[in-house]
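Counting along the sequence shown from 1, when you hit position 726 you're at 726 in UniProt numbering, and nothing is skipped either side.
Beta carbons: idealized from backbone N, C-alpha and C, even for Gly.
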Amino acid sequence: MSLVQLFIPAEVAQPTVSRLGELGAIQFRDLNSDTTTFQRAFVKEIRKLDEIERKLRFLSLQCEKLQLPIQPAASGKYLSRPRAPQEIVDLEETVFQQEGRVLQMNSSHETLQKRLTELLEVKHIVEQTNKFFREDENRAEQIRRNSIDESSALLQGDVETGPSGELQHLNVGFISGVIARSKINVFERILWRALRGNLYMNYAEIHDPLIDPETEDGVEKNVFIIFAHGQEILNKIRRVSESMGATLYSIEENAEDRRARALDVANKIEDLNNVLYNINQTRRAELTKVAENLATWMTIVKKEKAVYDTMNRFIYDANRKCLIAEGWCPSISIDEIQEVLRADSAQPGGNVGSVLTELHTTREPPTYHRTNKFTEGFQNIVDAYGVARYKEVNPGLFTIITFPFLFAVMFGDLGHGMIMTCFGLYLCLNEKKLKAFDGGEMFGMVYGGRYLILLMGFFSMFTGLIYNDIFSQSLAIFQSGWVFPEPIANEVTEAVSVGVYPFGLDPAWHGTDNFLIFTNSYKMKMSVIFGIGQMTLGIILTIYNYKHFNKEYSIWAEFVPQILFLESIFGYLVLTILYKWSIDWFATDANGVPLHNSPPSLLNMLIYMFLSPGNVDPKDQLFPGQGPLQFTLLLIALVCVPWMLFTKPYILKREHDKIVEAGYAPVQGNDGESDGDVDGHDDGDKDGHDAYDFADIMVHQAIHTIEFCLNCISNTASYLRLWALSLAHAQLSEVLWDMTLAPSLMLPLPPSLLPVSIVIGFAVWFSLTVSILLCMEGLSAFLHALRLHWVEFNGKFYQGTGVQFEPFSFKRVLENAE
Numbered sequence: 001m002s003l004v005q006l007f008i009p010a011e012v013a014q015p016t017v018s019r020l021g022e023l024g025a026i027q028f029r030d031l032n033s034d035t036t037t038f039q040r041a042f043v044k045e046i047r048k049l050d051e052i053e054r055k056l057r058f059l060s061l062q063c064e065k066l067q068l069p070i071q072p073a074a075s076g077k078y079l080s081r082p083r084a085p086q087e088i089v090d091l092e093e094t095v096f097q098q099e100g101r102v103l104q105m106n107s108s109h110e111t112l113q114k115r116l117t118e119l120l121e122v123k124h125i126v127e128q129t130n131k132f133f134r135e136d137e138n139r140a141e142q143i144r145r146n147s148i149d150e151s152s153a154l155l156q157g158d159v160e161t162g163p164s165g166e167l168q169h170l171n172v173g174f175i176s177g178v179i180a181r182s183k184i185n186v187f188e189r190i191l192w193r194a195l196r197g198n199l200y201m202n203y204a205e206i207h208d209p210l211i212d213p214e215t216e217d218g219v220e221k222n223v224f225i226i227f228a229h230g231q232e233i234l235n236k237i238r239r240v241s242e243s244m245g246a247t248l249y250s251i252e253e254n255a256e257d258r259r260a261r262a263l264d265v266a267n268k269i270e271d272l273n274n275v276l277y278n279i280n281q282t283r284r285a286e287l288t289k290v291a292e293n294l295a296t297w298m299t300i301v302k303k304e305k306a307v308y309d310t311m312n313r314f315i316y317d318a319n320r321k322c323l324i325a326e327g328w329c330p331s332i333s334i335d336e337i338q339e340v341l342r343a344d345s346a347q348p349g350g351n352v353g354s355v356l357t358e359l360h361t362t363r364e365p366p367t368y369h370r371t372n373k374f375t376e377g378f379q380n381i382v383d384a385y386g387v388a389r390y391k392e393v394n395p396g397l398f399t400i401i402t403f404p405f406l407f408a409v410m411f412g413d414l415g416h417g418m419i420m421t422c423f424g425l426y427l428c429l430n431e432k433k434l435k436a437f438d439g440g441e442m443f444g445m446v447y448g449g450r451y452l453i454l455l456m457g458f459f460s461m462f463t464g465l466i467y468n469d470i471f472s473q474s475l476a477i478f479q480s481g482w483v484f485p486e487p488i489a490n491e492v493t494e495a496v497s498v499g500v501y502p503f504g505l506d507p508a509w510h511g512t513d514n515f516l517i518f519t520n521s522y523k524m525k526m527s528v529i530f531g532i533g534q535m536t537l538g539i540i541l542t543i544y545n546y547k548h549f550n551k552e553y554s555i556w557a558e559f560v561p562q563i564l565f566l567e568s569i570f571g572y573l574v575l576t577i578l579y580k581w582s583i584d585w586f587a588t589d590a591n592g593v594p595l596h597n598s599p600p601s602l603l604n605m606l607i608y609m610f611l612s613p614g615n616v617d618p619k620d621q622l623f624p625g626q627g628p629l630q631f632t633l634l635l636i637a638l639v640c641v642p643w644m645l646f647t648k649p650y651i652l653k654r655e656h657d658k659i660v661e662a663g664y665a666p667v668q669g670n671d672g673e674s675d676g677d678v679d680g681h682d683d684g685d686k687d688g689h690d691a692y693d694f695a696d697i698m699v700h701q702a703i704h705t706i707e708f709c710l711n712c713i714s715n716t717a718s719y720l721r722l723w724a725l726s727l728a729h730a731q732l733s734e735v736l737w738d739m740t741l742a743p744s745l746m747l748p749l750p751p752s753l754l755p756v757s758i759v760i761g762f763a764v765w766f767s768l769t770v771s772i773l774l775c776m777e778g779l780s781a782f783l784h785a786l787r788l789h790w791v792e793f794n795g796k797f798y799q800g801t802g803v804q805f806e807p808f809s810f811k812r813v814l815e816n817a818e
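Below you can see the structure in the form of structure tokens.
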């Protein structure tokens with residue numbers, strides 16, 4: 001990575017930054033970090049673009065309401081070229097006009113829809129009141145009697161003609177209207193309690209939902225009519241109705257008048273429907289044209305916003321009339337950046353070319369790993385743990401092989417591996433088609449790791465062949481190395497070895513009484529070998545980090561004692577495992593006398609290596625001189641502990657004393673080493689150094705030493721999960737086979753029903769295999785493999801405290817916007 005400084009003339013700044021955004025090779029530093037957002041140079045332009053984006057979002061929502069498909073953004077040179085200021089002005093005017101026309105049509109549509117809704121409500125009220133009046137005229141006298149004092153002689157007779165809307169001959173009035181169906185029950189109870197039952201109410205449902213003009217959603221409503229006596233009671237009913245959101249309408253009492261009004265309302269509804277239809281068609285045609293360019297306009301606006309936001313990070317030099325920018329870029333991309341700068345200086349108006357200068361700095365650059373579609377998934381696994389420091393050893397390279405292999409050790413089955421390989425192959429072969437498919441976050445994770453799934457399936461097929469396991473069954477590919485004699489009644493027969501099976505596990509072991517004992521021992525020892533091998537690789541990789549970060553003293557102070565400590569104990573254990581495997585413990589001489597003792601227990605050997613150093617029971621001895629060798633290795637391991645604890649603090653203190661004696665005042669971190677800045681988004685001039693403190697160094701080193709020694713034991717035991725999950729996977733696969741498919745093959749059924757039984761058994765077995773063994777067990781093995789890489793492997797050499805390289809790229813901007 002290189003830190004570069006750009007001098008860009010003001011007249012070509014916008015097209016230059018736009019082309020750099022298309023290239024996506026520079027991570028610009030914020031040179032105005034002490035300036036607020038509202039005080040920067042291009043705030044006005046960003047606000048204008050924000051307003052355009054708001055209008056585009058409004059138009060997008062309108063298209064979604066009408067279910068109009070938005071055409072994808074145009075591709076090619078049209079969108080990749082920089083935009084002239086006049087083009088943005090024209091776009092702003094176009095969007096403003098489109099928004100104005102749509103708002104005007106929406107306002108007209110809302111007004112007419114509101115009027116149409118009122119007319120429809122009146123129509124339903126008129127239709128229902130004819131029925132209500134016929135039903136309720138018989139109850140008018142009862143309402144009147146309940147509402148007046150029977151002792152008042154003046155109120156016993158008929159009443160003269162009163163105001164419209166009342167039954168004058170009985171002095172009983174009525175109120176009609178429309179209310180939401182969800183409120184009708186509450187409305188009726190409130191009126192009954194407020195008027196103490198002095199009313200008669202009738203209502204009916206409107207079958208078709210009425211459109212709400214504001215939300216354009218259908219609302220279910222009811223028509224109601226309420227008869228009551230007295231003007232005060234009618235006024236109270238009106239107030240309660242309005243408070244409940246009901247809409248009241250005055251309806252003629254005379255049947256002839258109601259029929260005339262119904263006819264008038266029907267004509268007006270027909271006219272309004274015609275007008276609304278024309279408005280909807282016009283609005284739809286207008287938005288259809290907008291939908292063709294909406295995505296393109298949105299892309300242009302987002303890119304322009306990103307350009308001006310980036311330019312706000314630059315310093316404006318008024319004397320030279322240029323913008324000064326700084327940023328990190330890959331050294332290999334400097335020539336491409338120079339080409340972009342030269343191309344802009346050749347444009348009209350670009351009389352003075354932009355200048356790029358490479359700066360020398362002690363700042364720590366951001367980390368950039370160039371990946372492709374194959375390596376991206378593996379690098380994401382590492383980055384999820386932590387981003388590497390600049391030029392720190394990247395575990396992603398080793399993860400390409402070790403991750404799918406350790407997964408396959410736990411998931412080893414030829415049949416399951418074939419299914420996973422086919423699934424991964426399908427994702428890889430159809431990656432272009434599936435990339436456009438929006439299947440949610442889970443599908444995105446599976447799609448991103450498609451090559452990882454492919455390798456996990458392929459390695460599972462390989463380990464399945466090694467285990468000789470396909471859907472819990474064995475394959476007799478070669479001639480077995482064991483021969484079983486004729487069985488004798490009530491006696492256990494033992495197989496006779498006649499050779500070695502050429503590849504993998506001999507199928508003769510399947511079905512034997514000691515099959516689990518054999519495979520447990522084999523897989524447990526194999527897990528230890530793989531674990532010690534990977535941890536050894538992790539410790540070796542620290543050499544490259546020490547050399548790059550100028551800590552060569554750590555090679556002798558940390559690497560050498562660590563590797564000696566690990567190999568003196570656990571490396572020796574691996575060698576004894578391999579040596580024990582290489583010996584035929586049941587071999588005899590010509591007289592039939594065993595050449596070796598019974599095979600010793602390596603676990604007991606390791607325990608007594610510490611309990612009785614230098615002493616080995618002759619019955620448990622693997623080779624001559626084993627006792628002195630174990631004593632020597634144990635002594636080396638014990639020496640390595642104070643070696644790790646004191647060497648590094650002593651070296652740092654000695655260097656510190658030399659500097660002080662020379663008259664300098666060193667500024668060092670807690671570990672005694674100079675700490676470089678990690679320049680990401682925070683571009684302040686921070687040194688991040690602390691004063692030298694020998695006590696802090698000793699405490700830090702003591703913790704590091706204790707942690708390493710304990711981790712050598714715990715991490716080795718952690719690799720036994722390879723054995724445990726492999727055993728669990730094999731046993732669960734066998735249980736599924738024995739409980740689903742195997743019984744369907746052995747049922748005593750007629751020949752005509754046997755295929756049905758097989759099909760049903762296979763369907764149950766296959767569905768459980770995919771859901772439990774492939775999905776659940778596969779996810780479990782994946783997580784365990786992830787832990788082995790993050791903790792047991794990366795923990796030996798990888799700090800992961802770096803900052804990700806995030807260049808200014810339109811591709812990244814648009815992806816984040818989506």
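_Cβ pair Gln5, Glu358 closer than 9 Å_ = yes
*Between Ile26 and Lys547, what straight-line distance do the alpha-carbon atoms span, to the nearest angstrom?*
28 Å
_Does the structure place the stretch 231-245 close enough to the stretch 204-218 that three or more beta carbon pairs sit under 8 Å?_
no
*asked:* What does the alpha-carbon distance come out to for the pair Phe766 and Ser752?
replied: 23 Å
*Looking at the structure shown, is Gln799 part of a helix, part of a strand, or coil, going by DSSP?*
coil
*For Asp317: DSSP bridge partner residues*: Cys322
*Straight-line CA distance for Leu406 to Leu475?*
23 Å
*Does the stretch 785-798 come within contact of the stretch 530-539, defined as at least 3 CB pairs closer than 8 Å?*
yes
*Could you check if Tyr308 is buried or exposed, using at least 16 other CB atoms within 10 Å of its CB as the buried criterion?*
buried
*So, is Gly684 buried or exposed, given that buried needs 16 or more other C-beta atoms within 10 angstroms?*
Note that Gly684 scores a pLDDT of 39, beneath 50, so its modelled location is shaky and nothing firm can be said.
*Local Cβ density within 10 Å of Phe484, reported as buried at 16 or more and exposed below that*: exposed
*Take Gly177 as the anchor and find which of Leu199, Phe227 and Leu248 has the nearest alpha-carbon.*
Leu248
_Pull the bridge partners of Glu205 from the DSSP assignment, please._
Asn222
*Using a Cβ-Cβ cut-off of 6 Å (strictly less than) and excluding sequence neighbours within five positions of Glu806, which residues of its own chain qualify?*
Gln27
*Kindly identify the DSSP beta-bridge partner or partners of Leu356.*
Leu6
_Using C-beta distances below 8 Å, list every residue in its chain close to Val340, excluding the 5 sequence neighbours before and after it, in chain order._
Thr16, Arg19, Leu20 and Leu23
*Rounded to a whole number of angstroms, what is the C-alpha to C-alpha distance between Asn816 and Lys303?*
12 Å
*Check the DSSP bridge columns for Gly327 and list the partner residues they point to.*
Val4 and Phe28
*In three-state DSSP terms, what is Val678?*
In this prediction, Val678 scores a pLDDT of 36, lower than 50, which makes its location untrustworthy; the coordinate-derived value is nonetheless stated afterwards. Looking at Val678 - three-state DSSP - the assignment turns out to be strand.
*So, is Gly444 buried or exposed, given that buried needs 16 or more other C-beta atoms within 10 angstroms?*
exposed
*Starting from Gly173 and walking both ways along the beta strand (DSSP E), at which residues does that stretch end?*
Val172 to Ala180
*Just the C-alpha distance for Leu754 and Arg370, rounded to the nearest angstrom, thanks.*
58 Å
*asked:* Could you pull the DSSP bridge partners for Pro594 from this structure?
replied: Thr588
_Burial state of Gln281 (16 or more Cβ within 10 Å)_ = exposed
*Between the Cα of Tyr798 and the Cα atoms of Gln86, Glu552, Met644 and Tyr390, which residue gives the shortest distance?*
Tyr390
*Taking 9 Å as the cut-off, decide whether the C-beta atoms of Met524 and His784 are in contact.*
no
_My output table needs one value for Tyr200: the three-state DSSP class, helix, strand or coil._
strand
_Residues that Val496 bridges to, as DSSP identifies them_ = Val483
*asked:* Taking 8 Å as the limit between beta carbons, can you name the residues of its chain near Ala306, skipping five residues before and five after?
replied: Gly21, Phe808, Phe810 and Val813
*How big is the Cα-Cα spacing for Phe530 and Leu741?*
35 Å
*Does the Cβ-Cβ distance between Gly499 and Gly481 come in under 9 Å?*
yes
*Go to Thr247, then tell me how far its beta strand (DSSP E) extends in each direction, as first and last residue.*
Thr247 to Tyr249
*Have a look at the DSSP bridge pairing and note the partners of Thr367.*
Gln804
*Any contact of the stretch 259-272 with the stretch 33-52, i.e. 3+ C-beta pairs under 8 Å?*
no
*Where does the unbroken alpha helix (DSSP H) through Ile706 begin, and where does it stop?*
Phe694 to Ser718
*Length of the line joining the Cα atoms of Trp643 and Trp328*: 41 Å
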